[in-house]
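Start counting the sequence shown at 1; every next residue gets the next number (the UniProt record's numbering).
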Amino acid sequence: MKSAQTLIARSDALYGGVAMGATIIELALIASNPNLGQFSLEFSLVTQLIISLVVEFYLGHYFVCRLGIANTTIYGFIFKLACAIFLTLGFCAALLEYWYTGWSLILIAFVCDSAGTGCLKTSFRPAYNALHIKMTGKTADYVKAFSHLLYIRIGTPFTLLLTASLIINYTSYLYATISIMSTLLLLRSAQIYISNTDLRPTIIRKITLIHSSRHAYLKHFAIAAKFPVQITGYVAGNVFESLILMYAIGLLYRHSDLLGLAQQFSWLGSSAIAYMVFLASTVLGRLVISNFTISKSSATLATSCLIATIITSLMLALTNQDITFFLSLAFFCLLGVVIGTIFTRLTSNEVLHNANDSDAVSFFLVSELATTSTIILIITASSLIFKPERIIEGLSYGLVALMIAYCLATIIIRATTKTSK
């Protein structure tokens, strides 16, 4: 039993730690690359969303159908490795004044990233859950796993960010970019090896219920009727966390001058703030997760998160482009990662405990598709109403609206359930 729990905790901690470190570094390199353009962050966000909407759902379905959840997880990490390779080439091309080539390679990287995300979001937890069942006869507990092996979850992004900050201060930007991305390439390669080794006992396990027909694609959406609260909560948390990891953290690097640090320390300062956001979110997430269960306290949790989101949105709206704006942005990032961690982990944990493999795959596929669609709606509305430099303010208002919708949905669904009983 202990070895199975340790394996689940290790895989989850490494997956989360590398993902967070890689996301922060990639956003930082996009935001701070002088040759990618003034609104490189906004352009990368929009293109990633469009690509994700097309690629994630269909590719996740196809790979799980054809290869099974274990192989899909391994291929997910292979796509992530390909993403890191093309990003490295794209960053270097842009720095060498090949602007079109650079962005073309970066867009290819976004396609690989969406493919990897589609595979991993669909299959990672179901695959390791299947492995845990095979080893112990019981489902894995991803709430408890979040509290174990924190030195991997916390130490991995710390090492990545510290190494990146030191490298970028002592060498040219081009060589620093190559060195930083090479570290990511090594980590992605290690993830492929580890996942292949871990999941070998379940490598033949496939989802036989799914077929490659249009009808089969539509059948995924039936999961919404089985787990309405869980899907709503997962989407709300995932949207919040995705906006932070795809955009807001990059703004910490774009506005690093607001810290008032010398130029050579600006990257280190922004990295320290970004890491503190991640560290605090991990600690707070662990505390909240250990005291709440989604089946009993979702309404209370949703209301608390709604109030916190409103307060943070007002802070962003009322501050100017100074140090108070930077601190408000950092707090907004902290809140987003905390809410995302809590909601996605609690809801997915309950689904894995109550659903079979096919339903679990459908849950993650539909939730990710709904997440991407919701983000696109929020981004579109924000772009039409606010100036480019204040898009983050529009995003915060969109998140408030989303949290209100989640609170209402939770209350209505719970009330309907009690009435039917």
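C-beta: ideal position from N, C-alpha, C; glycine also. This one's a predicted model, so the numbers in the text were calculated from it and none came from an experiment.
Identify whether Gly237 lies in helix, strand or coil by the three-state DSSP scheme.
Translated into the one-based positions of the sequence shown, residue 237 becomes position 237. Helix, per DSSP.
Excluding the five sequence neighbours on either side, which residues of its own chain have a C-beta within less than 6 Å of the C-beta of Ala302, listed in chain order?
As a first step, residue 302 must be located in the sequence shown, where it is residue number 302. Contacts found: Tyr406, Cys407 and Thr410.
Check His148 in the structure and name its three-state DSSP category.
One-based indexing of the sequence shown puts residue 148 at position 148. Coil at His148, not helix or strand.
Ignore the nearest five residues each way along the sequence and tell me which others in Ala19's own chain have a CB closer than 7 Å to its CB.
The count along the sequence shown starts at 1 and reaches residue 19 at position 19. Excluding residues within five positions, none has a Cβ falling inside 7 Å.
Where are the beta strand (DSSP E) runs, 3 residues long or more, that stay fully inside the stretch 153-177, in chain order?
As far as the stretch 153-177 is concerned, it has no whole beta strand (DSSP E) run of at least 3 residues.
One question on the structure: do residue 504 and Ala236 come within less than 9 Å of each other, judged by their Cβ atoms?
One cannot answer for residue 504 here, as it falls past the ends of the chain, which runs 1 to 421.
If we count the other Cβ atoms within 10 Å of its Cβ and call it buried at 16 or more, is Ser3 buried or exposed?
Reading the sequence shown from its first residue, position 3 is the one you call residue 3. Ser3 is exposed by the Cβ-count criterion.
Look up Ala28 in the DSSP assignment and say whether it is helix, strand or coil.
Counted from its first residue, the sequence shown places residue 28 at position 28. In the structure shown, Ala28 sits in a helix (DSSP, three-state: H, G or I).
Taking the Cβ atom as the reference point for each residue, do Ser382 and Arg125 lie within a distance shorter than 9 Å?
Numbered from 1 along the sequence shown, position 382 holds the residue referred to as residue 382. Numbered from 1 along the sequence shown, position 125 holds the residue referred to as residue 125. No, the pair does not count as a contact, with Cβ atoms beyond the cut-off.
Indicate whether Thr344 and Leu149 have their beta-carbon atoms separated by less than 9 Å.
Against the sequence shown, residue 344 aligns to sequence position 344. Against the sequence shown, residue 149 aligns to sequence position 149. No; because the gap between Cβ atoms is not below 9 Å, this pair is not in contact.
Let me check understanding here. Comparing Cα to Cα, which of Ala280, Arg390 and Asn356 lies closest to Ile133?
Along the sequence shown, read from residue 1 onward, the residue named residue 133 stands at position 133. For the residues Ala280, Arg390 and Asn356, the minimum Cα distance to Ile133 belongs to Asn356.
For Lys387, which of helix, strand or coil comes out of DSSP?
If you number the sequence shown from 1, residue 387 lands on position 387. Three-state DSSP puts Lys387 in coil, outside helix and strand.
Would you decide whether Thr300 is buried or exposed? Buried here means 16 or more other CB atoms lie within 10 Å of its CB.
Translated into the one-based positions of the sequence shown, residue 300 becomes position 300. So Thr300 counts as exposed.
From Gly21 to Thr156, what does the alpha carbon distance come to, in whole angstroms?
For this step, residue 21 is matched to residue 21 along the sequence shown. For this step, residue 156 is matched to residue 156 along the sequence shown. Straight-line Cα distance between these residues: approximately 7 Å.
In angstroms with no decimal places, state the Cα-to-Cα distance between Ile194 and Phe146.
The residue labelled residue 194 in the question sits at position 194 within the sequence shown. The residue labelled residue 146 in the question sits at position 146 within the sequence shown. Taking the straight line joining both Cα atoms gives about 19 Å.
Just curious, the alpha helix (DSSP H) that Ser256 is in, first and last residue?
As a working mapping, residue 256 is identified with position 256 in the sequence shown. No alpha helix (DSSP H) contains Ser256, which DSSP labels as neither H nor E.
Do Arg200 and Ala70 have their C-beta atoms closer together than 9 Å?
If you number the sequence shown from 1, residue 200 lands on position 200. If you number the sequence shown from 1, residue 70 lands on position 70. Yes.
Around the Cβ of Gly394, are there at least 16 other Cβ atoms within 10 angstroms (buried) or fewer (exposed)?
As a working note, residue 394 is residue 394 in the sequence shown. Buried, since its Cβ has 16 or more Cβ neighbours within 10 Å.
Roughly how many angstroms separate the alpha carbons of Gly17 and Ile154, rounded to a whole number?
The residue labelled residue 17 in the question sits at position 17 within the sequence shown. The residue labelled residue 154 in the question sits at position 154 within the sequence shown. Taking the straight line joining both Cα atoms gives about 6 Å.
Sorted by chain position, which residues of the same chain lie with C-beta nearer than 7 Å to Tyr234's C-beta, five sequence neighbours on each side aside?
Along the sequence shown, read from residue 1 onward, the residue named residue 234 stands at position 234. Closer than 7 Å at Cβ, skipping near neighbours: Phe343, Thr344, Thr347, Ser348 and Ser367.
Taking the alpha-carbon positions, what's the Thr163 to Arg10 distance?
Within the sequence shown, numbered from 1, the residue matching residue 163 stands at position 163. Within the sequence shown, numbered from 1, the residue matching residue 10 stands at position 10. Spanning the two alpha carbons is a distance of roughly 22 Å.
Assign His215 to buried or exposed, taking buried as 16 or more other Cβ atoms, counted over all protein chains shown, within 10 Å of its Cβ.
Sequence index remark: in the sequence shown, residue 215 carries index 215 (1-based). For His215, the predicted structure reports a pLDDT of 49, less than 50, and the residue's modelled location is therefore unreliable. A value from the coordinates is still provided. It is exposed - the Cβ of His215 has fewer than 16 other Cβ atoms within 10 Å.
Candidates Ala317, Ala13, Asp359 and Asn320: which alpha carbon is nearest Ile152's?
For the purposes of this step, residue 152 is taken as the residue at position 152 of the sequence shown. For Ile152, the nearest C-alpha among the options comes from Ala13.
Please state whether DSSP places Ser38 in a helix, a strand or coil.
Within the sequence shown, residue 38 is the residue found at index 38, counting from 1. The sequence shown places Gln at residue 38, not Ser. Coil.
Pick out whichever of Leu377, Leu251 and Leu287 has its Cα sitting closest to the Cα of Leu327.
Counting from 1 along the sequence shown, the entry for residue 327 is found at position 327. Per the Cα distances, Leu251.
Just mark Asp322 as buried or exposed, buried being the case when its beta carbon has 16 or more other beta carbons within 10 Å.
Taking the first residue of the sequence shown as position 1, residue 322 is located at position 322. Exposed: under 16 other Cβ atoms inside 10 Å.
Can you tell me where the alpha helix (DSSP H) with Phe227 in it begins and where it stops?
For the purposes of this step, residue 227 is identified with residue 227 of the sequence shown, where counting begins at 1. First-last for Phe227: undefined, no H or E at that position.
Nearest by alpha-carbon distance to Ala115: which of Ser281, Leu160, Leu53 and Phe91 is it?
Your numbering for residue 115 matches position 115 in the sequence shown. Of Ser281, Leu160, Leu53 and Phe91, the residue nearest in Cα terms is Leu53.
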